[in-house]
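Asks: This structure is in structure tokens; I'll ask about it shortly.
Residue numbers (the numbering used here): 1 to 282.
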């Protein structure tokens, strides 16, 4: 794969990840049911990819089992944010994840943060404050941002736990087992909270599209791009996910962000780029 092809593949994968947010509006199911369907389809698709490329899936361990729970929690909180508020609000809350990675890295390594790192945290806080029209839990914007930030935090935890595992088991194998275990974690939750009997054919089709294209395919393209693109470049491009997602939502859902959202979102994305440039190798 040439460098320019790898860069295109990287942007397509990030655009697909951003497009996934729209399914939270299109699928008439709870976040738990959506994520359950997504992980089932993604796990099956990734298993087919591994078999087709003749790569062994290996044996899972307890770390992967726990990571599956984190992945499930990350996606459930993400779709909760989308359904409660708007695609833009959910994605911008999630976009805080590089800052959480930065904070967790410093806490785990016991090193004091630099002025630039503290500035990134402060800019995210200001950006979130700008977006919020009123500081009240009754506000759907506040609720959506809270779920979005929770999604970003759980993703940061997952990303840090995955760093060592990627070199050991491979990214696609890692994704396969984490999706598989996420499915298992969601089974009891789904049984207690969802009504599977209400599943419509349209929702099934949308879940398949979400799992195949916006999860398995997007992941495969992202990993393939890393063969020619540096991890740092990939991490910075990944921050464009909210930009792509908000653009998709504006075009296909008519959810055009207001001025407050654009200003606050610009601050958050700028801080995320700064945090990504200050964090360790991905």
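Built from N, CA and C at the ideal position, the CB exists for glycine as well.
Quantities reported herein were computed from a predicted structural model and do not represent experimental measurements.
Enumerate in chain order the residues of its own chain whose CB-to-CB distance from residue 280 is below 7 Å, with the five nearest sequence positions on each side excluded.
Replies: Your numbering for residue 280 matches position 280 in the chain shown. Interpretation of residue 280 is limited by its pLDDT of 49, a score under 50 that renders its predicted location unreliable; the figure taken from the coordinates is listed afterwards. Result list for residue 280: 105, in chain order.
Asks: Helix, strand or coil: which one does DSSP assign to residue 58?
Replies: Here residue 58 is taken as the residue at index 58 of the chain shown, counted from 1. In the structure shown, residue 58 sits in coil (DSSP, three-state: anything other than H, G, I, E or B).
Asks: Any chance the CB of residue 105 is under 7 Å from a heavy atom of the ligand SAH?
Replies: The ligand SAH is absent from the structure shown, which contains no ligands of any kind.
Asks: Helix, strand or coil for residue 35? Go by DSSP, reduced to three states.
Replies: Translated into the one-based positions of the chain shown, residue 35 becomes position 35. In the structure shown, residue 35 sits in a helix (DSSP, three-state: H, G or I).
Asks: Helix, strand or coil for residue 133 per DSSP?
Replies: Position 133 of the chain shown, counted from the start, is the residue given in the question as residue 133. Note: residue 133 maps to coil in three-state DSSP.
Asks: Quick one: what does DSSP say residue 281 is sitting in, helix, strand or coil?
Replies: For the purposes of this step, residue 281 is taken as the residue at position 281 of the chain shown. Summary for residue 281: the model assigns pLDDT 44, below 50, so the residue's position carries little reliability; its value from the coordinates is reported in the next sentence. Coil.
Asks: Between the stretch 86-102 and the stretch 161-180, can you find at least three pairs of beta-carbon atoms closer than 8 Å?
Replies: no
Asks: Between residue 171 and the rest of its own chain, which residues show a CB-CB distance below 7 Å, the 5 nearest in sequence each way excluded?
Replies: Reading the chain shown from its first residue, position 171 is the one you call residue 171. Within the same chain, residue 171 has close Cβ partners 223.
Asks: If you scan the stretch 101-174 from start to end, which runs of the alpha helix (DSSP H) of 4 or more residues do you find wholly inside it?
Replies: 115-131, 140-169
Asks: What do you get for residue 142, buried or exposed, if any count of 16 or more other CB atoms within 10 angstroms of its CB means buried?
Replies: In the chain shown, residue 142 corresponds to position 142, counting from 1. With 16 or more Cβ atoms within 10 Å of its Cβ, residue 142 is classed as buried.
Asks: Could you pull out every residue in the same chain whose Cβ sits closer than 6 Å to the Cβ of residue 127, ignoring the five residues on either side in sequence?
Replies: Position 127 of the chain shown holds residue 127. Taken in chain order, the residues that qualify are 264, 267, 268.
Asks: If we cut at 8 Å on Cβ distances, does residue 236 have a partner in chain D?
Replies: Among the chains of the structure shown, chain D does not appear; only one protein chain is present.
Asks: CB-CB under 7 Å to residue 276, same chain, minus the five flanking residues each way: which ones, in chain order?
Replies: Numbered from its first residue, the chain shown carries residue 276 at position 276. Contacts found: 98, 235, 236, 239.
Asks: What residue range does the alpha helix (DSSP H) around residue 203 cover?
Replies: What you label residue 203 is simply residue 203 of the chain shown in a count that begins at 1. Run containing residue 203: 201-211, per the alpha helix (DSSP H) assignment.
Asks: Might you give, ordered along the chain, the residues of its own chain that have their beta carbon closer than 8 Å to the beta carbon of residue 112, omitting 5 neighbours on each side?
Replies: Taking the first residue of the chain shown as 1, we reach residue 112 at position 112. Hits under 8 Å: 106.
Asks: Would a C-beta distance cut-off of 8 Å place residue 86 and residue 216 closer than the cut-off?
Replies: Residue 86 sits at position 86 when you count from the first residue of the chain shown. Residue 216 sits at position 216 when you count from the first residue of the chain shown. Not closer than 8 Å, so no.
Asks: Alpha carbons only, please: which of 33, 114, 67 is nearest the one belonging to residue 157?
Replies: In the chain shown, counting from the first residue as 1, residue 157 sits at position 157. Nearest option by C-alpha distance: 67.
Asks: So residue 242 is in the alpha helix (DSSP H); what residue range does that whole segment cover?
Replies: Numbered from its first residue, the chain shown carries residue 242 at position 242. Here the alpha helix (DSSP H) through residue 242 covers 241-252.
Asks: If you draw a straight line from the alpha carbon of residue 206 to that of residue 114, how long is it in whole angstroms?
Replies: Stepping through the chain shown from its first residue, residue 206 is reached at position 206. Stepping through the chain shown from its first residue, residue 114 is reached at position 114. Whole-angstrom Cα-Cα distance: 45 Å.
Asks: Would the beta-carbon of residue 133 fall within 8 Å of that of residue 80?
Replies: As a first step, residue 133 is located in the chain shown; it is residue number 133 there, counting from the start. As a first step, residue 80 is located in the chain shown; it is residue number 80 there, counting from the start. Cβ atoms of residue 133 and residue 80: not closer than 8 Å.
Asks: Taking the C-alpha atoms as reference points, what is the distance between residue 181 and residue 69?
Replies: Stepping through the chain shown from its first residue, residue 181 is reached at position 181. Stepping through the chain shown from its first residue, residue 69 is reached at position 69. Between the C-alpha atoms of residue 181 and residue 69 there is a straight-line separation of about 7 Å.
Asks: I need the straight-line Cα distance from residue 140 to residue 11, nearest angstrom please.
Replies: Mapped onto the chain shown, residue 140 falls at position 140. Mapped onto the chain shown, residue 11 falls at position 11. Their Cα atoms are separated by approximately 31 Å.
Asks: Can you tell me where the alpha helix (DSSP H) with residue 26 in it begins and where it stops?
Replies: For the purposes of this step, residue 26 is taken as the residue at position 26 of the chain shown. It spans 23-26 - the alpha helix (DSSP H) in which residue 26 sits, taken as one unbroken run.
Asks: What do you reckon, are the CB atoms on residue 91 and residue 21 nearer than 8 Å?
Replies: Residue mapping note: residue 91 aligns to position 91 of the chain shown, counting from 1. Residue mapping note: residue 21 aligns to position 21 of the chain shown, counting from 1. Against a cut-off of 8 Å, the Cβ pair of residue 21 and residue 91 comes out as a contact.
Asks: Can you list, in chain order, the residues of its chain whose CB lies under 8 Å from that of residue 63, leaving out five sequence neighbours each side?
Replies: As a first step, residue 63 must be located in the chain shown, where it is residue number 63. Within the same chain, residue 63 has close Cβ partners 161, 165.
Asks: With residue 6 as the anchor, note down where its alpha helix (DSSP H) starts and where it stops.
Replies: Along the chain shown, one-based indexing puts residue 6 at 6. Start and end: 3-19.
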